[in-house]
Amino acid sequence: MTSNDSHGSRIGRRSYLAGSLVGLGTLSIAGSGTVDGSGDQSGNQCPAPQPDEETDDRQDEAIDDQRDEDSDDHADEPSDDQYETVVDVVEAGADPTGTESITSVLREHVGDDTLLEFPAGEYYMDEQLRLTGFENVGFVGENATLVPATYHEFDGPQYRLFRLGTSDNPGRDLRFENFDVDQTADDTGIRVVSAEVKDGLTVRNVTVRGIHDSGTWGPGLFNVTDPDGEGVVSRFHATSGAVHVDETPNAGNMWRGATGINVNQHHRGTLAFKNCSLGGFPDNGLYVSSETGRVDVEGGWYQNSGTASIRLSGRHGTITDAVAVVDADPHGSDGQHPVRLDGGDRFEIDGVTVDVPRPNGDAIRIMNDVDATAITNTEITVGNAPNNGIKIGPEAGQTRIENVDIEVDGSANAVRILGQDAGAVELDDVRITGDAPGTRLRHAIYCERNECRFTGLSVDQPGPDKRRGIELRGETYLLRESDFQTTHVPIVVNGADGVRIENCYAGTAEGDHSLRIISDSGSVSLSNNDFPVGVRDDR
């Protein structure tokens, strides 16, 4: 900012206030934002993620069509008028041909109340831009492509293009939008943006093209650090995913490799991801490890990541109208859950499609530290492998599953409910189909939890090897207004007590009984049921 006029850029009084400070190793702007070109004071190396942190470009063709869809965030669209200083980075000296690195130009001109505009062109970056403690900063492209240097040419170990705020010195009011990122060169992959702000985070229309094969951090990290703060990340796309770190030049320095989008323990506010898409990353796709913040996933496509394509924890989380898919295992992962809920007060899954033609883990996994979950208006399809549709951990809290379709073709449970006293589970209007055999797990629904209710079930399981409908092992059940048609015995009461079965139909193709009550079971009451081949009571 020594002589902004020489670049022909538009300036405001903020530029002149900051101009006298240019040239120091660390640039402090208006006593707030700090630009540091010497490297990070924290997180200088790619650390090994904690455990449970090569795809094609098939989704890339749909990315451009998504850029203008579902523009519900346009009502709050920022304008140039909110900035005192607007800088055209090309007029300020940035090379738009992708030949010379632009980081030094950005570092010279970025500051509080400043918008950096990127006209059409390619912008090469071989070191990160670091800005902390800022107020009201924007980076906006117009047909602009960021081109990161390869792993060998980038100034590591800070493998980021933009580090905007840190957990101990976050910014406020950040706008980052309308960029393509070209990492198609070999040994190239970058954290495009690491953004930690108190409030006012807006990131949208960022498309990463090319597989991440550098073995460094994945493309995005976002935290809202103030409990009352809010942020939105819209249409952030990285559909080519990443290769395992062992196949990269950074082998040995990370565990597994890149995470698609990371929200870590410093997130405390509310953050929404709208219509984003992630391909297969070796260490989770969208990974939220906060214990106190809220994250909402609205729409989008998440596919083939290791451990989970969507993995949430925190105070409150929702997944609405999203698609989660596992149809390949590009990293040799031990498990791939499309959706995994790790821990928190309350989670809601609504209108979600979970498609698992090549299962390598349960479709929806609810872990022990989750207090309450609701799964509604959702479709789950699980292919021919012994993986469950919904698995509820033995200490996971109360769970409601309503208006859900589950098709299961492998020898597993459509719904597996573990533990006894962690909280009631309710299934209402759940439809189970598919050709699953009874070879490994015989029952479509397995329940050892107490205080559970099953209403309006439709269970059609014609698969071989004694495929059955439901097995009850706990205490205090209500099963009513449900239809079963199975290969073998549709309903089994196995040591359960306090069971009420009302207004149910239980047909079987090969079984000798519609209902079997095992010898160590307690009280079972039956009312207005249609059991074509009767009841076997071994008590």
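Using my numbering, the first residue of the sequence shown is number -15, and each one after it goes up by one. For each residue, glycine too, the CB sits at the ideal point set by N, CA and C.
What's the gap between the Cα of residue i and the Cα of residue j?
{"i": "Gly236", "j": "Arg384", "result": "43 Å"}
{"i": "Gly327", "j": "Arg415", "result": "27 Å"}
{"i": "Thr470", "j": "Gln445", "result": "5 Å"}
{"i": "Glu38", "j": "His321", "result": "Note that Glu38 has pLDDT 31, beneath the 50 cutoff, so the model's placement of it is unreliable and the number below is only indicative. If you take the alpha carbons of Glu38 and His321, they lie about 17 Å apart."}
{"i": "Tyr489", "j": "Ala420", "result": "21 Å"}
{"i": "His221", "j": "Leu262", "result": "6 Å"}
{"i": "Asn153", "j": "Val181", "result": "8 Å"}
{"i": "Thr232", "j": "Pro211", "result": "38 Å"}
{"i": "Gly77", "j": "Gly244", "result": "32 Å"}
{"i": "Glu92", "j": "Pro203", "result": "24 Å"}
{"i": "Gly15", "j": "Thr87", "result": "Unreliable positioning characterises Gly15 in this predicted model, as indicated by a pLDDT of 35, which lies under 50. A coordinate reading is not provided."}
{"i": "Asp280", "j": "Ala256", "result": "5 Å"}
{"i": "Ala226", "j": "Val477", "result": "47 Å"}
{"i": "Thr365", "j": "Val354", "result": "23 Å"}
{"i": "Asn162", "j": "Arg437", "result": "49 Å"}
{"i": "Ala133", "j": "Asn259", "result": "28 Å"}
{"i": "Phe515", "j": "Thr417", "result": "20 Å"}
{"i": "Asn189", "j": "Ser505", "result": "59 Å"}
{"i": "Thr129", "j": "Val187", "result": "16 Å"}
{"i": "Glu455", "j": "Phe146", "result": "54 Å"}
Among the options, which has the Cα closest to the Cα of residue i?
{"i": "Gly149", "options": "Arg159, Glu410 and Gly117", "result": "Gly117"}
{"i": "Asp449", "options": "Glu465, Leu425, Gly284 and Gly367", "result": "Leu425"}
{"i": "Glu68", "options": "Glu119, Trp201 and Gly316", "result": "Glu119"}
{"i": "Ile390", "options": "Asp339, Ala369 and Ile401", "result": "Asp339"}
{"i": "Asp157", "options": "Asp96, Phe138, Ile195 and Tyr135", "result": "Asp96"}
{"i": "Arg159", "options": "Val217, Gln287 and Asp72", "result": "Val217"}
{"i": "Arg324", "options": "Tyr271, Cys436 and Ala133", "result": "Tyr271"}
{"i": "Glu410", "options": "Ala493, Ala396, Gly394 and Ile376", "result": "Ile376"}
{"i": "Arg299", "options": "Phe331, Gln287 and Val229", "result": "Phe331"}
{"i": "Asp267", "options": "Asp183, Arg219, Gly319 and Gly495", "result": "Gly319"}
{"i": "Gly194", "options": "Trp201, Thr209, Ser224 and Asp230", "result": "Ser224"}
{"i": "Gly482", "options": "Ile502, Thr460 and Ile501", "result": "Thr460"}
{"i": "Gly301", "options": "Asp413, Ile359 and Asp313", "result": "Ile359"}
{"i": "Gly155", "options": "Asn248, Ala242 and Arg114", "result": "Arg114"}
{"i": "Leu205", "options": "Gly184, Val176, Glu486 and Asp496", "result": "Val176"}
{"i": "Gly440", "options": "Ile401, Gly403, Glu386 and Arg452", "result": "Glu386"}
DSSP state of residue i, grouped into three classes?
{"i": "Asp504", "result": "coil"}
{"i": "Ser164", "result": "According to the sequence shown, residue 164 is Asp rather than Ser. Looking at Asp164 - three-state DSSP - the assignment turns out to be strand."}
{"i": "His228", "result": "coil"}
{"i": "Val336", "result": "coil"}
{"i": "Val310", "result": "coil"}
{"i": "Thr577", "result": "Coverage of the chain is limited to positions -15 through 523, which leaves residue 577 absent and any answer about it impossible."}
{"i": "Arg299", "result": "strand"}
{"i": "Ala292", "result": "strand"}
{"i": "Tyr143", "result": "coil"}
{"i": "Thr209", "result": "coil"}
{"i": "Leu510", "result": "strand"}
{"i": "Gly373", "result": "coil"}
{"i": "Glu214", "result": "strand"}
{"i": "Asn237", "result": "coil"}
{"i": "Pro322", "result": "strand"}
{"i": "Gly3", "result": "Reliability fails at Gly3, whose pLDDT of 32 lies under 50, so the model's placement of it is uncertain and no value is given."}
{"i": "Arg159", "result": "strand"}
{"i": "His221", "result": "strand"}
{"i": "Asp329", "result": "strand"}
Does the beta-carbon of residue i have 16 or more other beta-carbons within 10 angstroms, so that it is buried, or is it exposed?
{"i": "Ser63", "result": "exposed"}
{"i": "His472", "result": "buried"}
{"i": "His427", "result": "buried"}
{"i": "Gly316", "result": "exposed"}
{"i": "Gly373", "result": "buried"}
{"i": "Asp346", "result": "buried"}
{"i": "Arg523", "result": "exposed"}
{"i": "Asp65", "result": "exposed"}
{"i": "Ser178", "result": "buried"}
{"i": "Ala492", "result": "Residue identity check: residue 492 is Thr in the sequence provided, not Ala. That one is buried."}
{"i": "His136", "result": "exposed"}
{"i": "Glu111", "result": "buried"}
{"i": "Asp49", "result": "Per-residue confidence for Asp49 stands at a pLDDT of 41, beneath the threshold of 50, marking its modelled position as unreliable; the derived number appears in the next sentence. Asp49 is exposed by the Cβ-count criterion."}
{"i": "Gln287", "result": "buried"}
{"i": "Asn344", "result": "buried"}
{"i": "Asp393", "result": "buried"}
{"i": "Thr209", "result": "buried"}
Do we get a CB-CB distance below 8 Å when we pair residue i with the residues of chain B?
{"i": "Glu111", "result": "No chain B appears in this structure, which consists of one protein chain only."}
Taking 7 Å as the line, does the beta carbon of residue i fall inside it for any heavy atom of the ligand ADP?
{"i": "Pro341", "result": "Annotation note on the ligand ADP: not contained in the displayed structure, which lists no ligands."}
Task: Minimum length 4: unbroken alpha helix (DSSP H) runs contained in the region 401 to 489 - done: Qualifying alpha helix (DSSP H) stretches: none in this window.
Task: Every unbroken alpha helix (DSSP H) within the region 344 to 369, with a cutoff of 4 residues, ordered by chain - done: Complete alpha helix (DSSP H) runs here, min 4: none at all.
- [ ] Just list the beta strand (DSSP E) runs in the region 64 to 137, keeping only unbroken ones of 3 residues or longer that don't cross its boundaries, in chain order.
- [x] Within the region 64 to 137, the complete beta strand (DSSP E) runs of at least 3 residues are 69 to 72, 81 to 85, 98 to 102, 105 to 109, 113 to 116 and 119 to 132.
Task: Complete runs of the beta strand (DSSP E) confined to the region 245 to 282 [at least 3 residues] - done: Whole beta strand (DSSP E) segments, 3+ residues: 245 to 247, 254 to 258, 270 to 272 and 278 to 282.
- [ ] Kindly provide the ranges of any beta strand (DSSP E) runs that are 3 or more residues long and lie completely inside the region 172 to 204, ordered along the chain.
- [x] Complete beta strand (DSSP E) runs here, min 3: 175 to 181 and 185 to 193.
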